[in-house]
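Residue numbers (the working numbering): -1 to 706. Ideal Cβ positions, reconstructed from N, Cα and C, are used throughout, including at glycine. All figures in this text were calculated on a predicted structure; none of them were measured in a lab. Let me begin by presenting the structure, written as structure tokens, before commenting on it.
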């Protein structure tokens, strides 16, 4: 038996044979052109995943009646024969790499933002109940403006078209026509999107569908639209043409929504109508920010597996599921018979070659998804898909890594994501690369952050592995100085030394129970001298020394587990600054029983967190009892409390056993300026050039290496 034997085994859906059990999840990517056509950007986006070894790519959210009923900017259209050549060109690219292509047919129904923009009524089984959302307070102005774009059109309006018999007949015909176009374009199969709030889901959902005719009421009636669409496609395209549906295995956070028993019964009806497979997802109340990470883009590992297994127990056709399934878990679940196929979305954005690397025994070379939600957050603000850890995603056609015209000697200062990504790409292009970091390990602040957010550790391990695999000359405990530059004689120097951290100038900032980011980093990594231990007292100092000697410090995973038993922190912790670091650390501390308060001078928390993950993290912090005070300015720190000024100018006092400064990170141009005195060109990337976080740092490192 070989590793991933079951995941890499051939499979079949209907008449379609598949080379393995890994599919690309259907996702909206905003990679079509403005008129819904498939261009080079989209071809190369899917082509990269086909070349990477996936068995089937499911093109997400393809609009059957575009622009009517469409949801996104730059959504793929299949509403007219004029779109067939572009779709066929994608199929040709995918087939050229030995993969199969399906399109996910969609009418967005109550989520058809382009209908709102253009003043068309949204098609629905019933007029929906008004819901008040909770996302607005956690959006920055530019995000709110982007999400409100459809409403800015002079013709925009929110109106509803309760579907008549004629509307339903038209809708069934649109699905059948779209499937026939897919078949004629050489596309291997179609998936019906019957989940996620789109029109078929609205009919299935008893909390939306309040009809009393043959299209509402009983589950059989509510499922009638799905059943009739499947039958119409089979009649139009032939019984051998593979058709399946994506169903929500359950609906979370929604009173009166779809239950798991509903989903199982619907799957049985879909099979009886001729469906060749069932693709299991889930949904939740879209008015709640945490819904997007509870449901369709789950933060929970194997988030939908229980529902997929439940459906598999009642049908005789293959079951597909998504939901943060690691390759090891996917192989085990297929072996156990819980599912038949795994779809991977974020993972294939992070590393399109994941299936091929698994098949070739190179799983250790996979670039991991860190579940930061950078990808899906772009769709919310009407941008094309990108990935925080893969700078090529969404721009594959313009970022082909090719040999440099003239190989150079490149010296990189800093071993965080920016520096290591620059080193990786520079080596792939043939440059000789030396990477120095004054710390004793690679990773920069991302290594430190892995204690509170473990997925970041996977990125560090991947990049470390690439440094070794590609032959980068890594020198730890080495600072890049003008003298070193003169001695090494590089053609180019890259400064990726990270941000500068400044503490607020308020009375009490020097007190021993006040810690800044460098102090916390030193405690977790075991570096930075004895400062944190001395400030926290002799007992803590001794324990930290023991931790460093035994190797516990410097291992974020161990520190994460140890901290559940003991932490050198008081009970009442106040954090100054409400950005990414504060939110992640507050959740970490609150999970360990600490009483946490965050003071933020601005009006919005979570700067640096992508908006979809921000909604999740803030919701989790609130559930853990974290107090979040906006428009709060620190005035002074006392021995057991601090004073802040609120939005009304009133001073308030909070008890504090520990104060942690998480604000104050800024650009750090000083080191690069000193390096320039050696007379060699110096480029600045990452946080030292301005707060870039992981996504900006990786992209900056990649882009610079492509220019060198």
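Integer Cβ distance of residue i from residue j, believed to fall under 8 Å
i	j	result
residue 285	residue 436	Not a contact, Cβ separation roughly 49 Å.
residue 478	residue 424	The pair is not a contact, with the Cβ atoms about 16 Å apart (cut-off 8 Å).
residue 574	residue 607	So it is not a contact: roughly 17 Å between Cβ atoms.
residue 408	residue 429	5 Å
residue 191	residue 281	About 11 Å; that fails the 8 Å criterion.
residue 98	residue 186	4 Å
residue 302	residue 279	6 Å
residue 100	residue 67	With 8 Å as the limit, residue 100 and residue 67 do not qualify as a contact, their Cβ atoms being about 20 Å apart.
residue 310	residue 336	7 Å
residue 515	residue 579	7 Å
residue 631	residue 509	Actually they do not touch by this definition, with Cβ atoms about 18 Å apart.
residue 317	residue 338	5 Å
Neighbourhood of residue i by C-beta distance below 6 Å, restricted to the same chain and skipping five residues each side
i	result
residue 149	none
residue 656	511, 567, 568, 571
residue 176	62, 76, 103
residue 661	574, 575
residue 367	344, 345, 348
residue 3	none
residue 461	418
residue 230	170, 174
residue 693	372, 386
residue 474	435, 438
residue 472	433, 465
residue 180	101, 188
residue 65	112
Nonlocal neighbours in the same chain, by C-beta distance under 8 Å from residue i, ignoring five residues either side
i	result
residue 712	No answer is possible for residue 712: the residues shown for the chain start at -1 and end at 706.
residue 629	598, 599, 600, 601, 644, 645
residue 137	145, 602, 609
residue 689	497, 606, 663, 664, 665
residue 228	190, 241, 243, 268, 271, 272, 273
residue 38	395
C-beta neighbour in chain C for residue i, strict 8 Å
i	result
residue 401	Protein chain content of the structure displayed is limited to a single chain, and chain C is not contained in it.
DSSP bridge partner residues for residue i (one or two, in chain order)
i	result
residue 15	10
residue 625	595
residue 213	None; residue 213 has no bridge partner.
residue 514	659
residue 55	22, 99
residue 642	632, 650
residue 682	493
residue 700	Answer by DSSP bridge pairing: none, since residue 700 is not bridged.
residue 190	103, 243
residue 410	433, 492
residue 664	498
residue 41	In DSSP, residue 41 forms no bridge with anything.
residue 339	318
residue 61	75, 104
residue 572	595, 657
Cutoff 7 Å; reference residue i; Cβ partners in own chain excluding five residues on either side
i	result
residue 20	5, 52, 53, 340, 342, 353
residue 219	212, 213
residue 414	441, 442, 443, 444, 494, 496, 684, 695
residue 697	389
residue 381	28
residue 42	394, 395
residue 507	501, 635
residue 232	241, 272
Contact test: residue i Cβ vs the ligand ZN heavy atom, cutoff 7 Å
i	result
residue 682	Among the ligands in the structure shown, none appear at all, so the ligand ZN cannot be discussed.
Note to self: Does the segment 75 to 84 come into contact with the segment 20 to 35, if we say contact requires no fewer than three beta-carbon pairs (one atom in each stretch) closer than 8 Å?
What the structure shows: yes
Margin query: When you compare the segment 684 to 695 with the segment 665 to 676, are there three or more beta-carbon pairs, one atom per stretch, that lie closer than 8 Å?
Written below: yes
Notebook entry, point to check: Given 8 Å as the limit, is there contact between the segment 642 to 656 and the segment 472 to 490, that is, 3 or more CB pairs closer than that?
Noted result: no
Check: At a cut of 8 Å, does the segment 41 to 54 reach the segment 153 to 170 through at least three beta carbon pairs?
Finding: no
Next item on the list: Would you check if the segment 108 to 115 and the segment 260 to 268 touch, i.e. whether three or more CB-CB distances between them fall below 8 Å?
Entry: no
Item checked: Touching by the beta-carbon criterion (3+ pairs, under 8 Å), the segment 129 to 140 and the segment 609 to 617 -> yes
Note to self: For the pair the segment 201 to 210 and the segment 243 to 258, tell me if three or more CB-CB distances fall below 8 Å.
What the structure shows: yes
Check: Can at least three beta-carbon pairs, one atom from the segment 82 to 92 and one from the segment 119 to 127, be found at a separation below 8 Å?
Finding: no
Next item on the list: Specify whether the segment 91 to 99 and the segment 162 to 173 touch according to this definition: at least 3 beta carbon pairs, one from each stretch, less than 8 Å apart.
Entry: no
Checklist line | Sequence ranges, alpha helix (DSSP H) only - wholly within the segment 373 to 406, length at least 4 | finding: none
Margin query: I'd like the ranges of any alpha helix (DSSP H) spanning at least 4 consecutive residues and lying wholly in the segment 80 to 167.
Written below: 82 to 94, 111 to 116, 139 to 145, 147 to 150
Note to self: Which runs of the alpha helix (DSSP H) at least 4 residues long sit entirely within the segment 427 to 486? Give them in chain order.
What the structure shows: 442 to 447, 453 to 468, 480 to 486
Notebook entry, point to check: Can you list, in chain order, the stretches of the beta strand (DSSP E) that have 3 or more residues and sit fully within the segment 250 to 305?
Noted result: 276 to 282
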